[in-house]
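Worksheet: the structure to be examined is printed underneath.
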Amino acid sequence: MFIKNCWYVVGWSGEVPQDGFLARTVINVPLALWRDSRGELHALTDRCCHRGAPLSMGRLEGNCVRCAYHGLKFDASGRCVEIPSQARVPANFKVASYPVIERHKWLWVWMGDPALADPALISDTHYVDDPAWASGGGHLHYDVNYLLVCDNLLDFTHLPFLHPTTLGGSADYAAVLPTVERIDRGVRVSKWVFDTDPPEYSKSYGAYAGKRVDRWMIYDFILPGILLMDSGMVPAGTGATARETGLRIDGLEFRGRQALTPETDKSTHYFFAHPHNFMIDQPEVTKRITDNLVIAFEEDRAIITAQQKNLDLDPSFKMLPMAADLALTQFRRVVQAALEQEILQVENLPSA
Amino acid sequence: MFIKNCWYVVGWSGEVPQDGFLARTVINVPLALWRDSRGELHALTDRCCHRGAPLSMGRLEGNCVRCAYHGLKFDASGRCVEIPSQARVPANFKVASYPVIERHKWLWVWMGDPALADPALISDTHYVDDPAWASGGGHLHYDVNYLLVCDNLLDFTHLPFLHPTTLGGSADYAAVLPTVERIDRGVRVSKWVFDTDPPEYSKSYGAYAGKRVDRWMIYDFILPGILLMDSGMVPAGTGATARETGLRIDGLEFRGRQALTPETDKSTHYFFAHPHNFMIDQPEVTKRITDNLVIAFEEDRAIITAQQKNLDLDPSFKMLPMAADLALTQFRRVVQAALEQEILQVENLPSA
Amino acid sequence: MFIKNCWYVVGWSGEVPQDGFLARTVINVPLALWRDSRGELHALTDRCCHRGAPLSMGRLEGNCVRCAYHGLKFDASGRCVEIPSQARVPANFKVASYPVIERHKWLWVWMGDPALADPALISDTHYVDDPAWASGGGHLHYDVNYLLVCDNLLDFTHLPFLHPTTLGGSADYAAVLPTVERIDRGVRVSKWVFDTDPPEYSKSYGAYAGKRVDRWMIYDFILPGILLMDSGMVPAGTGATARETGLRIDGLEFRGRQALTPETDKSTHYFFAHPHNFMIDQPEVTKRITDNLVIAFEEDRAIITAQQKNLDLDPSFKMLPMAADLALTQFRRVVQAALEQEILQVENLPSA
């Protein structure tokens with residue numbers, strides 16, 4: 041069971057072809073995304089109401105979609121406007137349409153009640169196409185339940201162990217547990233470590249090689265599975281001021297944006313961007329940052345996929361909580377509460 | 041659940057090797073087909089009664105079959121006639137045998153009560169090896185429930201949309217719905233369209249390029265999933281007489297013969313032949329007709345396979361009926377009635 | 041359901057790498073096998089108690105195992121001795137450890153109550169590394185329930201049919217059914233055939249080509265699925281004495297050792313060695329013996345895999361017993377009794 045009333049990232053803008061469809065399944069619902077003649081984006085259930093064929097195998101006709109099987113034509117609202125083999129179109133011939141919004145290269149779709157689809161609930165990812173930042177990004181696919189990937193991003197004590205040569209920091213950095221706060225629809229995880237070695241991946245960017253740094257990682261992780269991270273490092277000794285004032289002069293800074301979107305109960309889309317504020321006019325630096333991130337993500341994927349197999353092998357296995365699980369435990373409660381809230385709404389009962 | 045008391049096409053004659061077996065599963069029953077020393081065809085359950093090994097992995101010994109595992113020998117009736125490791129063969133050592141008939145290159149097997157296996161119930165496919173006709177053919181395999189393929193063949197309003205460059209006709213041809221009649225064990229679908237453009241595929245056969253034609257398509261679709269089609273075109277203006285008299289002078293005619301045989305609940309064998317009455321001494325024409333048909337069939341398979349995936353993703357999805365579904369709706373009722381009839385027979389209750 | 045209180049062969053000694061793990065699943069339990077700094081072997085559940093990641097993806101640290109995900113460290117007893125992100129390790133942080141013993145190149149693991157893990161219950165496989173014998177061996181993997189492979193090894197009337205060109209003997213040899221006795225935790229199968237042709241595979245070893253032999257095959261098949269075979273041939277006429285005295289002068293002798301270990305309900309590990317007492321200083325002979333055995337094993341695997349598919353296709357199919365099934369029927373009873381015995385133990389009821 042998945043939360044419906046929230047914005048899911050369903051793809052990158054560039055994934056919707058000029059004259060065709062992006063077919064992607066979100067929370068077990070097949071979606072067909074396409075642009076009308078004005079370039080406006082639409083999302084329909086990718087399943088013709090007649091016999092269930094995917095609309096994404098059909099074609100665009102102006103601002104409508106023509107099913108490839110028996111030629112039924114649907115407008116952007118999902119209403120069937122033509123059945124070639126009969127004069128009248130019954131009123132129940134329609135497919136669901138979903139609010140979809142394009143922001144900073146990402147496509148966000150609302151899978152629940154359209155009346156509740158408030159664009160203000162879409163997370164701030166403007167760094168992804170902000171000219172003051174440079175960013176690569178991508179899309180991974182995991183054959184696991186999405187909560188296992190959320191868990192991964194909510195407990196970074198795994199960095200020195202799973203990513204020793206990529207993201208993993210020094211032992212003293214790893215040893216500091218972050219503070220965790222409940223925020224609206226999620227949790228905030230914050231950590232400052234002063235006077236530590238810079239992480240392995242940053243050494244190639246010159247400025248900090250052989251020096252000590254003050255380092256921070258502050259992120260919100262909010263429903264359905266959106267990571268908004270502010271991280272970086274400043275010369276050792278300047279961190280305290282930076283923390284107080286928000287000014288991080290001469291800092292290597294990142295604004296990681298990641299989105300986990302359940303595809304099915306056992307598969308997950310993973311969208312990510314990793315804006316940085318330094319050497320932004322050197323595409324090879326941006327590429328290197330992204331490539332290294334993908335190496336680390338593949339380390340994550342390997343162990344999480346193996347973890348899922350272990351869980352499948354013995355469904356009676358119970359995970360044991362430890363202190364570092366605080367954020368993920370909190371987030372799972374947020375998810376659970378949202379699910380229960382939606383069940384209450386569906387049942388038209390007053391929500392507690 | 042599948043109908044048992046009917047003839048299923050299980051293969052092409054040439055698929056049974058000289059000294060071996062054709063192993064093929066029909067309605068979830070594994071079958072071993074083989075020829076005895078007189079060339080007579082036999083079909084046994086492809087599962088030794090001892091431990092369940094496939095008999096088709098064994099060998100022929102005269103008019104018997106020797107299991108490759110422990111050497112049990114079965115005669116053509118399925119009776120075990122030798123257990124190498126013991127003197128006596130218990131009476132319950134046997135496998136089921138199935139009536140099987142070879143007609144016009146196709147092998148028909150009766151999966152139900154042998155006493156009811158009336159050869160007169162086998163459909164007329166004589167065009168497949170009639171010297172006045174030429175025919176190619178083949179065997180496809182679908183990973184879908186066979187009813188989805190039946191549906192496809194019972195509503196040809198899909199032709200202009202799914203097969204625009206192969207089978208699809210002109211818009212006016214597509215717009216005419218056929219008449220649908222219930223016949224014994226099936227439905228008859230009939231359609232004449234006068235003064236229309238010839239279909240794309242026929243243009244390369246010369247006679248009709250640049251001309252108008254009268255075109256027809258009349259087929260019976262009968263249990264378990266047999267298509268017997270009479271289709272073609274005559275010069276525009278001659279169709280009315282042809283329809284009345286049955287004489288189709290100078291017509292391009294086809295006698296499509298297709299058989300859908302459920303393999304399992306989610307997979308289907310598709311046997312087809314496409315006899316034509318023109319240029320029958322030009323094998324390259326016959327080959328081209330068949331090749332083009334296979335291109336169209338692959339278009340069918342792609343969308344029906346995607347349709348099956350959509351149905352699997354959301355079993356609660358209900359198809360919506362439209363006018364063009366008349367024949368397939370009728371045929372599904374015929375199937376349902378036959379299944380209920382068999383259940384009544386099994387329960388020894390008087391059939392309503 | 042599988043027997044737990046018994047020794048399963050989990051691998052060959054050489055499969056545990058110097059600085060890493062052998063990951064192998066036994067009776068649905070993932071195991072991580074490794075050697076500590078003294079070379080001593082250990083087996084732990086290959087699933088971190090924290091989030092379920094496989095320990096075998098981690099690393100060895102002295103005599104401990106470090107999980108690759110969040111760095112939890114476990115000692116050889118399975119006790120968690122360090123959680124990097126917190127000071128205290130709760131007492132319930134542990135994974136199961138299993139008694140594991142290395143004998144004659146095989147690794148034996150006890151999956152049940154460690155208190156019952158009596159090394160005396162490990163079968164005698166000393167021929168595998170006895171200098172008076174030469175032996176090849178290997179490890180196959182079957183996608184079938186392990187009992188189907190046990191069945192195969194408990195009824196050798198399949199030899200002349202399934203292995204006519206490899207292991208299969210002459211018709212008179214095949215026709216003789218062995219005697220079957222119940223022994224402790226298993227069955228003993230014995231057969232002597234006098235004055236017969238040597239089997240096909242033995243002819244290339246010179247001594248017996250063109251001669252007659254007295255031939256025997258005597259084996260114990262004991263829980264969980266261990267084959268201990270004494271087989272061979274002596275010149276015709278000397279067999280009776282050899283049987284009485286145990287002296288088999290000038291015999292071609294084998295001491296086949298095979299172990300079937302369930303991986304999951306539908307998959308099986310098959311470990312085998314085939315010590316022989318002749319030409320032991322000619323590695324190419326040993327290699328040829330092993331290679332030929334593997335050819336025969338692949339014949340077994342092909343038909344048993346097909347058998348499993350047939351059983352899956354129709355779970356209502358019931359096997360029919362015949363005289364040659366005596367040993368396998370007895371062994372299945374031994375398995376069933378052991379399972380029932382363990383259930384009684386778990387329920388703390390007095391065992392009948």
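Chains as they are written, first to last, in the numbering used here: chain A, 41 to 392; chain B, 41 to 392; chain C, 41 to 392.
Here a beta-carbon is modelled for each residue, glycine too, at the ideal position from N, C-alpha and C.
- With respect to the 7 Å criterion, N332(A) and W173(A) are not classified as neighbours on the basis of their beta carbons.
- At the C-beta level, Y186(B) and P57(B) stay beyond 7 Å of one another.
- One finds R87 and G92 in chain B with Cβ atoms closer than 8 Å to the Cβ of F357(C), taken in chain order.
- D158(C) sits in coil when the DSSP states are folded into three classes, being neither helix nor strand.
- The straight-line gap separating the alpha-carbon atoms of I223(B) and Y167(B) is approximately 22 Å.
- Interface criterion not met: the Cβ of Q370(B) is under 7 Å from no Cβ in chain A.
- A distance below 8 Å between beta-carbons, with the five flanking residues on each side excluded, links T281(A) to the following residues of its chain, in chain order: L287.
- Taking 7 Å as the cut-off, the Cβ atoms of L351(B) and F261(B) do not count as close.
- Q126(A) and W146(B) have their C-alpha atoms spaced approximately 38 Å apart.
- The alpha-carbon separation between S230(C) and C120(B) amounts to approximately 28 Å.
- The beta carbons of H144(C) and D169(C) sit about 5 Å from each other, so the pair counts as a contact at 8 Å.
- Counting only Cβ-Cβ distances below 7 Å, I123(A) has contacts in chain B at M362, in chain order.
- In this structure, A346(C) sits near P94(B), with a CB-CB distance shorter than 7 Å.
- For A313(A), no Cβ of chain B is located within less than 7 Å of the residue's own Cβ.
- With distances taken between CA atoms, T165(A) lies nearest to I266(A) out of D290(A), I266(A) and F337(A).
- Proximity of H110(B) to chain C, defined by a Cβ-Cβ separation below 7 Å, is satisfied.
- In terms of beta-carbon proximity, A367(C) stays away from the interface with chain B, with every pair separated by 7 Å or more.
- Ranked by how close their Cα comes to the Cα of R328(A), the residues Q298(A), W148(A) and K243(A) have K243(A) in first place.
- Scanning F357(A), A363(A) and M319(A) for the CA closest to the CA of P171(A) turns up M319(A).
- Between the alpha carbons of L156(B) and C46(B) lies a gap of roughly 9 Å.
- Of all residues in the region 198-213 of chain A, those with a C-beta nearer than 9 Å to a C-beta of chain C are H198, P200, F201, L202 and A211, reading in chain order.
- For the region 115-141 of chain A, residues whose beta-carbon sits nearer than 8 Å to a beta-carbon of chain B comprise I123, P124, S125, Q126, P130, N132 and F133.
- In the three-state reduction of the DSSP assignment, L379(A) falls in the helix class.
- In this structure K134(A) is buried. Its beta-carbon is surrounded by 16 or more other beta-carbon atoms within 10 angstroms.
- Here A72(B) is not near Y138(B), since their CB atoms are 7 Å or more apart.
- At the C-beta level, A313(B) and G177(B) come within 7 Å of one another.
- Taking 7 Å as the cut-off, the Cβ atoms of Y48(A) and V189(A) do not count as close.
- In this structure, the CA atom of F311(B) is about 41 Å from the CA atom of Y310(C).
- Cα atoms of Q298(C) and D270(C): separation of roughly 12 Å, rounded to the nearest angstrom.
- Distance from the Cα of V220(C) is smallest, within the candidate group F42(C), F371(C), L100(C) and R64(C), for F371(C).
- Bounds of the alpha helix (DSSP H) holding K327(C) are P323 to L353.
- For the options G111(C), F357(C) and G102(C), the alpha carbon positioned closest to that of P204(A) is the one of G111(C).
- When DSSP states are grouped into helix, strand and coil, E80(B) belongs to the coil group.
- Considering only beta carbons, the part of the region 45-79 of chain B lying closer than 8 Å to chain C consists of T65, N68, V69 and P70, in chain order.
- For a Cβ distance threshold of 7 Å, residue set I343 and A346 of chain B lies close to M97(A), ordered along the chain.
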